[in-house]
Amino acid sequence: MTQWFTESFAAEFEKQGDQIGRVNIAVFGKTGVGKSTLVNAIFGEQVAATGIGTPITQGSHLYLDRRGTLGVIDTRGLEIGRDDDEIIKELTKAVKEYRSRPLAEQLHVAWYCVRGMDRRFEDAEERFIRKLDELGLPVLLVLTQVPMRDDRFHPDAVELARQLEARNLPIYGGRPFMTYAMRDPFSGQPPYGLIDVLRATFHVAPEGVQAALVAAQQVDADLKTSQSNKAIAAAVTAAAAAAAVPIPFSSAAMLVPIQLTMMARIAHLHGLGLDKSALLAIASTSVATSAGRAAASGLLKFVPGAGSIVGGAINASVASGITLAMGQAWTVVCQRAFKGTLPTLDGKFDTTAIRKLFEDEVSKRMPRIRRQQD
Ligand SMILES: Nc1nc2c(ncn2[C@@H]2O[C@H](COP(=O)(O)OP(=O)(O)OP(=O)(O)O)[C@@H](O)[C@H]2O)c(=O)[nH]1
Ligand SMILES: [Mg+2]
């Protein structure tokens, strides 16, 4: 049973990974402004600092670093304000070349970074931003390393932002985002503004790569929940449809692939790898202790309360109700995995406690379903 489950989950996990694809973000700005620091703060991995990556087109100074659902495009060896023609030439070539490729291969969003305390912004930078816009890339302008105190941004950064706004640049929102990406141990300045940059990026990214962005980012747990709710809604609809079809065998079994898809997708959205996801899914749905039971009897059997009401055929509202409860309970488990707050025992996941957590979350949502069945 565990093996069947693990294999099915792994297959579905891979499929969902392919479907989620990748979001590709191009990051520009002068050297040392904090591009890599910003990327790392939002995506949590040492993506931009690694220095590995491949030229995005032959002989190009534009490099693509790929990590799962995220691609970051960075310039190396060229500088804005000095080598603009070269960068723009390479970028134009890349954008054109990439346009005919699948969505996950295209460039989706550009961030242009300026250090907030640099009191100047060059015309060459403005030309560069306008060029990005002409190439069809949505542009976010980010002011980096902006000190903040008593809810006020540093006046010099405010002044720079005002000047930038007056340039009427083709940027999202018409104004820059104020950010501080990494705590400064000396001043104690905490990071801020990252969620705003992320949400704006989500807003301008093509719909087809939004899930990839949600999966890759590490700063906005709520965005992971809301995107998970979409996966749950799709599963609920599919479950109702499956239960509504009169078939000669248990409708409950029909729900298994639907729920596996849902669980795999939600795990991806929380950035959990296959090993961790499969382990948590097994712990949650108790399949590990139910060896010998036929797979066809469905995951529902392993959900407390559900087994008793699922004799065989189930109606559409029960099917959707249980799928909803499972999806929401699984989201709670994934949220806690993402935040690192799942119960552990001797440094490992406490599977008994995790099962109890999942079951409690399902039970909370079950009374309504039981009543509908009566
Ligand atoms: N405390 C703090 N330091 C920062 C922040 N942003 C950048 N820095 C520091 O500024 C320096 C340059 O940051 P990077 O992120 O490497 O800058 P970059 O734009 O990627 O630079 P290049 O890759 O050379 O183009 C590093 O020492 C960072 O630690 C920040 O938000 N807070
Ligand atoms: Mg860098």
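16 is the number of the first residue of the sequence shown in the working numbering; add one for each residue after it.
Beta carbons are placed, not taken as given, at the ideal position from N, Cα and C, and that holds for glycine.
Pair within 7 Å by beta-carbon distance, residue i and residue j
{"i": "Leu-155", "j": "Ala-196", "result": "no"}
{"i": "Thr-72", "j": "Lys-108", "result": "yes"}
{"i": "Gln-48", "j": "Arg-135", "result": "Before going on, a small fix: residue 48 reads as Val here, not Gln. No, Cβ-Cβ distance for Val-48 and Arg-135 is not below 7 Å."}
{"i": "Ala-212", "j": "Val-157", "result": "Sequence check: residue 212 is Val here, not Ala. Result yes, Cβ atoms of Val-212 and Val-157 sit closer than 7 Å."}
{"i": "Met-341", "j": "Gln-274", "result": "yes"}
{"i": "Phe-353", "j": "His-285", "result": "yes"}
{"i": "Val-251", "j": "Leu-339", "result": "yes"}
{"i": "Ala-125", "j": "Gly-36", "result": "no"}
{"i": "Pro-191", "j": "Leu-179", "result": "yes"}
{"i": "Phe-373", "j": "Ala-344", "result": "yes"}
{"i": "Ala-293", "j": "Phe-58", "result": "no"}
{"i": "Ala-172", "j": "Leu-270", "result": "no"}
{"i": "Lys-239", "j": "Val-229", "result": "yes"}
{"i": "Ala-258", "j": "Ile-329", "result": "yes"}
{"i": "Val-38", "j": "Ala-227", "result": "yes"}
{"i": "Cys-128", "j": "Lys-50", "result": "yes"}
{"i": "Glu-27", "j": "Thr-276", "result": "yes"}
{"i": "Thr-90", "j": "Leu-77", "result": "yes"}
{"i": "Pro-162", "j": "Gln-204", "result": "yes"}
Assigned secondary structure, residue i (DSSP; H/G/I helix, E/B strand, else coil)
{"i": "Ile-324", "result": "Any answer about Ile-324 is weak, because its pLDDT of 47 lies below 50 and its placement is not dependable; what the coordinates show is given next. DSSP places Ile-324 in helix when its eight states are reduced to three."}
{"i": "Arg-177", "result": "helix"}
{"i": "Asn-244", "result": "helix"}
{"i": "Phe-201", "result": "coil"}
{"i": "Arg-7", "result": "No statement about residue 7 is possible, as the shown extent of the chain runs from 16 to 389 and does not include it."}
{"i": "Ala-254", "result": "helix"}
{"i": "Leu-238", "result": "helix"}
{"i": "Ile-4", "result": "Since the first residue shown for the chain is 16 and the last is 389, residue 4 is missing from the structure and cannot be characterised."}
{"i": "Met-132", "result": "coil"}
{"i": "Ala-220", "result": "coil"}
{"i": "Thr-194", "result": "coil"}
{"i": "Ile-186", "result": "coil"}
{"i": "Leu-106", "result": "helix"}
{"i": "Arg-142", "result": "helix"}
{"i": "Thr-356", "result": "coil"}
{"i": "Met-341", "result": "helix"}
{"i": "Leu-372", "result": "helix"}
Inter-residue spacing [alpha-carbon to alpha-carbon] between residue i and residue j
{"i": "Gly-288", "j": "Ala-231", "result": "12 Å"}
{"i": "Ser-243", "j": "Phe-201", "result": "39 Å"}
{"i": "Glu-376", "j": "Thr-300", "result": "12 Å"}
{"i": "His-123", "j": "Thr-367", "result": "43 Å"}
{"i": "Ala-206", "j": "Ile-88", "result": "The residue you asked about is not Ala; residue 206 is Pro in the sequence shown. Each residue's alpha carbon lies about 23 Å from the other."}
{"i": "Val-351", "j": "Ile-144", "result": "First, the residue type needs correcting, since residue 351 is Arg and not Val in the sequence shown. Using only the alpha carbons, I get a separation of about 40 Å."}
{"i": "Ile-369", "j": "Leu-357", "result": "7 Å"}
{"i": "Ser-332", "j": "Ala-176", "result": "53 Å"}
{"i": "Asp-99", "j": "Val-110", "result": "16 Å"}
{"i": "Thr-159", "j": "Ala-296", "result": "40 Å"}
{"i": "Ile-337", "j": "Met-381", "result": "7 Å"}
{"i": "Lys-104", "j": "His-218", "result": "28 Å"}
{"i": "Thr-17", "j": "Asp-33", "result": "24 Å"}
{"i": "Glu-101", "j": "Met-278", "result": "46 Å"}
{"i": "Pro-272", "j": "Ala-248", "result": "15 Å"}
{"i": "Pro-170", "j": "Thr-52", "result": "23 Å"}
{"i": "Pro-221", "j": "Lys-379", "result": "36 Å"}
{"i": "Thr-346", "j": "Gln-233", "result": "16 Å"}
{"i": "Lys-371", "j": "Asp-290", "result": "20 Å"}
{"i": "Thr-21", "j": "Ala-254", "result": "22 Å"}
{"i": "Arg-167", "j": "Met-132", "result": "14 Å"}
{"i": "Ala-268", "j": "Leu-85", "result": "35 Å"}
{"i": "Val-348", "j": "Arg-182", "result": "47 Å"}
{"i": "Ser-241", "j": "Ala-41", "result": "26 Å"}
{"i": "Gly-355", "j": "Asp-235", "result": "14 Å"}
{"i": "Arg-81", "j": "Gln-121", "result": "13 Å"}
{"i": "Ser-75", "j": "Arg-116", "result": "18 Å"}
{"i": "Trp-19", "j": "Ala-298", "result": "14 Å"}
{"i": "Leu-184", "j": "Asp-199", "result": "31 Å"}
{"i": "Glu-149", "j": "Gly-362", "result": "52 Å"}
{"i": "Arg-280", "j": "Leu-360", "result": "27 Å"}
{"i": "Asp-237", "j": "Ala-56", "result": "17 Å"}
{"i": "Gly-189", "j": "Arg-114", "result": "26 Å"}
{"i": "Gly-151", "j": "Arg-164", "result": "37 Å"}
{"i": "Leu-106", "j": "Ala-139", "result": "16 Å"}
{"i": "Ile-186", "j": "Ala-256", "result": "44 Å"}
Any chain B beta carbon closer than 7 Å to residue i
{"i": "Ala-268", "result": "Structure shown: chain B not included; a single protein chain is present."}
**Q.** At least 3 beta-carbon pairs within less than 8 Å: the segment 39–48 vs the segment 90–97
**A.** yes
Q.
Threshold first: 3 residues or longer. Then list the beta strand (DSSP E) segments lying entirely within the segment 45–97, N to C.
A. 77–82, 85–90
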